[in-house]
Amino acid sequence: MKHYPRPEQDDQPPFLYPPYTSTVRRAPAKPLIQLPHTLSELTGPLYGHNPIGETDNDLTRQHPGEPIGERIIVAGQVMDEDGRPIPHTLIELWQSNAAGRYRHNQDGHPAPLDPNFTGAGRTMTDHNGNYRFMTIKPGAYPWHNHPNAWRPAHIHFSLFGPCFITRLVTQMYFPNDPLMPFDPISQSIPDERARRRLISHFDLSLTEPEFALGYRFDFVLRGREARPFEGRP
Amino acid sequence: MSRDRLRSLPSQTVGPFYHLGLTANTSLGCLTRPGAKGDHIRVCFRLLDGDGAPVPDGMVEIWQADAAGKYDHPDDTQEQAPDPAFCGFGRLPTDADGICKFDTVYPGRVPDGRSGCQASHLNVSVFARGLLGRLCTRVYFEGDPGLVEDSVLALVPEDRRQTLIAGRDLRQPGQWNFEIRLQGERETVFFDI
Chain A
0 MKHYPRPEQD DQPPFLYPPY TSTVRRAPAK PLIQLPHTLS ELTGPLYGHN PIGETDNDLT
60 RQHPGEPIGE RIIVAGQVMD EDGRPIPHTL IELWQSNAAG RYRHNQDGHP APLDPNFTGA
120 GRTMTDHNGN YRFMTIKPGA YPWHNHPNAW RPAHIHFSLF GPCFITRLVT QMYFPNDPLM
180 PFDPISQSIP DERARRRLIS HFDLSLTEPE FALGYRFDFV LRGREARPFE GRP
Chain B
0 MSRDRLRSLP SQTVGPFYHL GLTANTSLGC LTRPGAKGDH IRVCFRLLDG DGAPVPDGMV
60 EIWQADAAGK YDHPDDTQEQ APDPAFCGFG RLPTDADGIC KFDTVYPGRV PDGRSGCQAS
120 HLNVSVFARG LLGRLCTRVY FEGDPGLVED SVLALVPEDR RQTLIAGRDL RQPGQWNFEI
180 RLQGERETVF FDI
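Chains as they are written, first to last, in numbering that gives the first Met the number 0: chain A, 0 to 232; chain B, 0 to 192.
Spelled out as structure tokens, the structure:
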């Protein structure tokens, strides 16, 4: 029987983190109430809410022409805290284009849009929990959090996992990004090792020679098997 | 033997541009197909920040049982089959007024894991720019006969329970209104799950 212990406090960002200024009026001020895990939390939406299209996992083939930028493969495995693969679960992603611009009417960054790049994709993990996207390396971009604020290049990911508890929305970063130490969103995670787990790894074995570089990024969602000692009342 | 356990990944904010990847499909505001059983209702959420100002770039997800109290999930081992004309999951962006509206059915009561039943409720996740993680709450319904014996509500201090209870809209029959106040005096109760 699977159970879902709460994560270590320092592994997750706090809701209030004043260097990220939008948290100040949006973070709850009262303590959260611990909820026992009932059927409501131990179930959750399982399947894709609409069918996956043929180019949904290849963001470079969603338009008549090729997008500008560095082609990359982002691939890895979705697993639980015991390292057991989570098969057939939906992964959704969204990102800026190579110039650091989102195809979104609220993005005012004066960098060019790319007519051949939307920046959204989805896929299901296979029976071993593996997934793979082909995309373009996103660009860094400025934001108005503080003077001269820049977000490091990142890709947004959304996953469901097997139940309501395992839902995760996060961001994947790239190795050796000089903007990371100045980024309040990633730095909000107190534990440095936890922060590093959001950084993908360059992986030569994922590359396609003469075509695309490869980054590996594994997702660990909450949940582990109860061991004999833990299951007892 | 003592292999280190992996640790679940930290969450990060959805940011202001999640629409691109998550809410392009607007049909996720309607959980019913023709023939869905039960009392058809509309649930109107209004998301407000600590100043009481609408949050125009938030996202609300709901997960609920069908009208008979069955979740469409293999770990719900109750005997009856889930309603095939009902999808228990919904997702919508908030609009300029912080509002989003789901068309669904009044959820049935589900077991509480002891010997009783929970009051009818929706399980809610809230995401937004400025929220570094997901916020979880529940929507209960005013006048629901199960409220008094609900084991989760019983964990909530009495003076805050009202923040979890949707009220009927007096002008629009079948609509229930639920305010999510992220902060402030009438801050909604959020759960650590």
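By construction, the Cβ of each residue, glycine as well, lies at the ideal position given by its N, Cα and C atoms.
Here residue 63 of chain B is buried: its Cβ has 16 or more other Cβ atoms, across all protein chains shown, within 10 Å. Residue 95 of chain A is not bridged by DSSP to any residue. Proximity to residue 5 of chain B across A:224, A:200, A:219 peaks at A:219, based on C-alpha coordinates. Within the same chain, and ignoring the five residues on either side of residue 146 of chain B in sequence, the residues whose Cβ sits closer than 7 Å to its Cβ are 118, 139, 152. Under the 8 Å criterion on CB atoms, residue 76 of chain A is classed as non-interfacial with respect to chain B. Residue 137 of chain B and residue 39 of chain A have their C-alpha atoms some 10 Å from each other. With a minimum length of 4 residues, the unbroken runs of alpha helix (DSSP H) contained wholly in the region 103 to 189 of chain A fall at 183 to 186.
Look at the beta carbons and you see the region 42 to 54 of chain A touching the region 80 to 89 of chain B: at least three pairs across the two are nearer than 8 Å. Proximity of the region 15 to 25 of chain A to the region 18 to 33 of chain B falls short of the contact definition, fewer than three beta-carbon pairs being nearer than 8 Å. In terms of CA proximity to residue 67 of chain A, A:112 leads the group A:73, A:224, A:112, A:46. Taking a C-beta cut-off of 9 Å against chain B, the contacting residues of the region 194 to 219 of chain A are 194, 196, 197, 217, 218, 219, listed in chain order. Annotation: Cβ neighbours of residue 181 of chain B in chain A (cutoff 8 Å, chain order): 24, 25, 26, 27. Of the residues B:187, B:168, B:186, B:54, the one whose Cα lies closest to the Cα of residue 43 of chain B is B:168. The beta carbon of residue 96 of chain A does not come within 8 Å of any beta carbon belonging to chain B, so the residue lies off that interface. For residue 52 of chain B, there is no enclosing alpha helix (DSSP H), as DSSP marks it with neither H nor E.
Apart from sequence neighbours up to five positions away, the residues of its chain that approach residue 213 of chain A with a beta-carbon distance below 6 Å are 72, 202, 205, 206, ordered along the chain.
Sequence-ordered contacts of the region 77 to 91 of chain A with chain B read 78, 79, 80, 81, 82, 91 [C-beta pairs closer than 9 Å]. Residue range 18 to 21 is occupied by the alpha helix (DSSP H) that includes residue 18 of chain B. Separation of residue 14 of chain A and residue 31 of chain A (C-alpha to C-alpha, rounded to the nearest whole angstrom) is 11 Å. Annotation for residue 178 of chain B: no alpha helix (DSSP H) segment contains it, though the beta strand (DSSP E) segment containing it runs 174 to 180. DSSP places residue 193 of chain A in the uninterrupted alpha helix (DSSP H) bounded by 191 to 195. Interface flag for residue 7 of chain A against chain B is set, since a Cβ pair is found closer than 8 Å.
From the beta-carbon of residue 70 of chain A, no residue of chain B is found nearer than 8 Å; the closest lies around 19 Å away. Shown in chain order are the members of the region 17 to 39 of chain B whose Cβ falls below 9 Å from a Cβ of chain A: 17, 18, 19, 20, 21, 23, 24, 26, 27.
If the five residues before and after residue 127 of chain A are omitted, its C-beta is found closer than 6 Å to the C-beta atoms of 84, all from its own chain and listed in chain order. C-alpha of residue 144 of chain B to C-alpha of residue 180 of chain B: approximately 25 Å in a straight line.
Note that the C-beta distance between residue 135 of chain A and residue 91 of chain A is not below 8 Å. Three or more beta-carbon pairs drawn from the region 46 to 61 of chain B and the region 88 to 103 of chain B are found closer than 8 Å, and the two stretches are therefore classed as touching. Secondary structure at residue 224 of chain A: strand, using DSSP grouped into helix, strand and coil. Using a Cβ-Cβ cut-off of 9 Å, residue 164 of chain B is close to nothing in chain A; its nearest Cβ partner there is about 15 Å away. Separation of residue 148 of chain B and residue 117 of chain A (C-alpha to C-alpha, rounded to the nearest whole angstrom) is 49 Å. Taking 8 Å as the upper bound for CB-CB distance, residue 27 of chain B and residue 97 of chain B are not in contact here, some 18 Å apart. The continuous alpha helix (DSSP H) containing residue 39 of chain A extends over residues 38 to 41.
Assigned with DSSP and collapsed to three states, residue 124 of chain B falls in strand. The contact set of residue 40 of chain A on chain B, defined by CB atoms closer than 8 Å, consists of 122, 192 in chain order.
Assigned with DSSP and collapsed to three states, residue 132 of chain B falls in coil, not helix or strand.
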